[in-house]
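Residue numbers (the working numbering): 317 to 391. Glycine residues also receive a C-beta, built at the ideal position from the N, C-alpha and C atoms. Keep in mind that this is a model prediction, so the values were computed, not measured. Just below is one structure, and these are the notes that go with it.
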Amino acid sequence: MNRNGWSTRTIALVLYPLGMGAMATNVFFASLIGSWVGLPVLSPLWSIGIGAILGVPATWIFARHIRYLMDKTDQ
């Protein structure tokens, strides 16, 4: 396996702001949908905080996938 280019860690660090924002948006909209069945709607700050936590594993998984595609392309 050829490891040219960025490492998985570097890819994850670069993409983390996007992953965090996507997860925060998903959490906020999920709380809006949850309000249809009586659950509370999260504030944007809570959504950002939860999105920051959930963004770490989501971004890491996506970075591993991108690294896999880079390795597959180099073969």
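One Cα belongs to Thr341, the other to Tyr332, and the distance between them is close to 14 angstroms. Excluding residues up to 5 positions away in sequence, Gly367, Ala368 and Gly371 lie with their Cβ nearer than 6 angstroms to the Cβ of Met336 in the same chain.
Distance check between Ala374 and each of Thr326, Met339, Thr324 and Arg325 places Met339 closest, using alpha-carbon atoms only. Trp352 has its alpha-carbon roughly 35 angstroms from the corresponding atom of His381. For the pair Leu358 and Ser347, the CB atoms are nearer than the 8 angstroms cut-off.
Sorting Pro360, Asp387, Gly365 and Phe378 by C-alpha distance to the C-alpha of Ile327 places Phe378 at the top.
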